[in-house]
Each structure stands twice: as C-alpha cells, then as structure tokens.
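*Asks:* The following block contains the structure, expressed as structure tokens.
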Amino acid sequence: MDWVALSLSLKLGVATVLILLPIGFVVARRLAFRPFRGQGLVEALIALPLVLPPTVLGYYLLVGLGAASPIGQLWQALVGRQLVFHFEALLVASVIANLPFAIQPMVQAFRAIPVEVREAAAVSGMTPWTVMRRIDLPLAWPGIVTGLVLTFAHTLGEFGVVLMVGGSLPGETRTLSIAIYDRVQAFDDAAAHVMSAVLVVVSVAALATTSLLSGRMVRRHG
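Counting in our numbering, the sequence shown runs from -13 upward without gaps.
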C-alpha cells in the first residue's frame, strides 16, 4: 500500500468536498428555484465533465493553468512557482471535474421540495434566510449529502484529469489511482491489487450511501 498516495488522495477528496459544498449549495438553489435565461446552457456546462473524456478535460486544464496562460503567469508571479504539476492544480482540476457530481444531486433535492411548502413559508412571513434554514436544508439534506459523497468517491478514483495536470510526483501529485497505474506498469500486481481493493470498497460504500439517501428522499416526498 502506498500510504503517501492514499493520504494525498484523501486530502484532495476532503478539500474538493469543502470547496464544492458552498458552491454546489448556492448554484443548485439558484438552478432549482430561480430559472433564468440561458439556464439550459449553464446546466449543460456543469454536466460536461460527465461526457467529456478525462484526457480532453485534463488537456484544456493543462493549457488553461500552464505557465503560458494568464492564470499560470499570475500564480508564478504570486507564489514563485508554476501551478501545474503541484497539488493546487490537482485541486482546481478536481473541483471542475466534480461539478456535476456535487451539483446535480443537490438540484434534484431542491426541486423535490413541494412548491406549496415554500409558498406557505413565504406567506407566513418567513425571510428567505429562514426559509433556507428551516425548509430547504431539512428537506434537501439527503441530496446535499449524496452530492458530497459522490464527489469524494469520484475524487479518489479520478485518473485522467489529475494525471494530465499533475503528473506522478510522489507526495505532491501521485494520488492512489495514479499509484495503481505505476504499480501495474512496474508489474507489481500485489500492490496494485491492494490499492485497487481500497478504491472498490470506497466506491461500494459511496453507492450504498447514495442509494440509502435516495430512498429516504423518495419516501419523504412520495
């Protein structure tokens, strides 16, 4: 077991979840409750990582974050080193790649809240903040948690995007999925098997959790 790679993957997963929690919550509520012109295009862009090959997404992120890009040059000026092939680039790539996994379950959860419940809350004099705190969060929390669980699990298993923008630098960008690839290339099947089994267990646990939460939402809104 490559414990350094596992630790880096867990760090990346937790950081991605913490960033996407507020972003996903705000964006999902806007998409669910306040339709706007061009919403279909926005939802398509959010879902794009689901259908775009990871190497394609990784390539454009590599170009957009590289030393020749405005973002890369600004980072170089502020930090003194390039952005790509460091953990920060992995985090940016992970956040973008996981947008649909975080946002889509939250949108569905908010849309499942009965309209009459929110209307009654507004008529009774509740402020938007109170409606969010006492209506939206209690009813939509299974979808919110589902999005976060899927995001964490997908981050641990992501390969193409993180390899393109981070490479395979031990302790810096070599995540568990990349370590598995390296072990296979080195014909170390035993180590690859152990690390792959860890990802299988995490994936099964994530899917079981999302299934349980989805069932809870169906029973609540059925």
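Heads up, the beta-carbon is just placed ideally off N, CA and C, and yes, glycines get one too.
Note that the structure is a prediction, hence the values are computed from the model and not measured.
Is the stretch 98 to 108 touching the stretch 47 to 57 in the sense that three or more CB pairs, one from each, lie closer than 8 Å?
*Replies:* No, because fewer than three Cβ pairs between the stretch 47 to 57 and the stretch 98 to 108 fall closer than 8 Å, the two stretches do not touch.
*Asks:* Report the residue ranges of all alpha helix (DSSP H) runs contained in full by the stretch 17 to 89; include only those spanning at least 4 residues, in chain order.
*Replies:* Runs of the alpha helix (DSSP H) inside the stretch 17 to 89: 25 to 37, 40 to 51, 56 to 65, 73 to 83.
*Asks:* Please confirm whether Thr159 and Ser(-5) have their CB atoms less than 7 Å apart.
*Replies:* As a position in the sequence shown, residue 159 is number 173, starting the count at 1. As a position in the sequence shown, residue -5 is number 9, starting the count at 1. No, the pair does not count as a contact, with Cβ atoms beyond the cut-off.
*Asks:* When the Cα of Val188 is compared with those of Glu144, Gly157, Thr116, which residue comes out closest?
*Replies:* Position 202 of the sequence shown holds residue 188. Minimum Cα distance to Val188 is reached at Glu144.
*Asks:* Whole alpha helix (DSSP H) runs in the stretch 126 to 176 with 4 or more residues, listed along the chain?
*Replies:* 146 to 152, 162 to 171, all fully within the stretch 126 to 176.
*Asks:* Provide the residue span of the alpha helix (DSSP H) that contains Pro100, from first to last.
*Replies:* Translated into positions along the sequence shown, residue 100 becomes position 114. From DSSP, Pro100 is part of no alpha helix (DSSP H); its letter is neither H nor E.
*Asks:* Is the stretch 192 to 200 close to the stretch 130 to 149, with three or more CB pairs under 8 Å?
*Replies:* In short, these stretches touch, since the Cβ pair count reaches three.
*Asks:* Starting from Glu113, trace the alpha helix (DSSP H) both ways and give me its first and last residue.
*Replies:* Here residue 113 refers to the residue found at position 127 when the sequence shown is read from its first residue. In the sequence as displayed, the identity of residue 113 is Thr instead of Glu. Unbroken run through Thr113: none, as it is neither H nor E.
*Asks:* For Arg67, count neighbouring C-beta atoms within 10 Å of its own C-beta (all shown protein chains included) and say buried if the count is 16 or more, exposed if not.
*Replies:* As a working mapping, residue 67 is identified with position 81 in the sequence shown. Flag for Arg67 reads exposed.
*Asks:* Hey, out of Ala172, Ile166, Ser197, whose CA is closest to Met(-13)'s CA?
*Replies:* Mapped onto the sequence shown, residue -13 falls at position 1. Cα-wise, what sits closest to Met(-13) is Ile166.
*Asks:* Is the separation between the beta-carbon of Phe71 and that of Gly153 shorter than 7 Å?
*Replies:* On the sequence shown, residue 71 is found 85 positions in, with the first residue counted as 1. On the sequence shown, residue 153 is found 167 positions in, with the first residue counted as 1. Yes, the pair counts as a contact, with Cβ atoms nearer than the cut-off.
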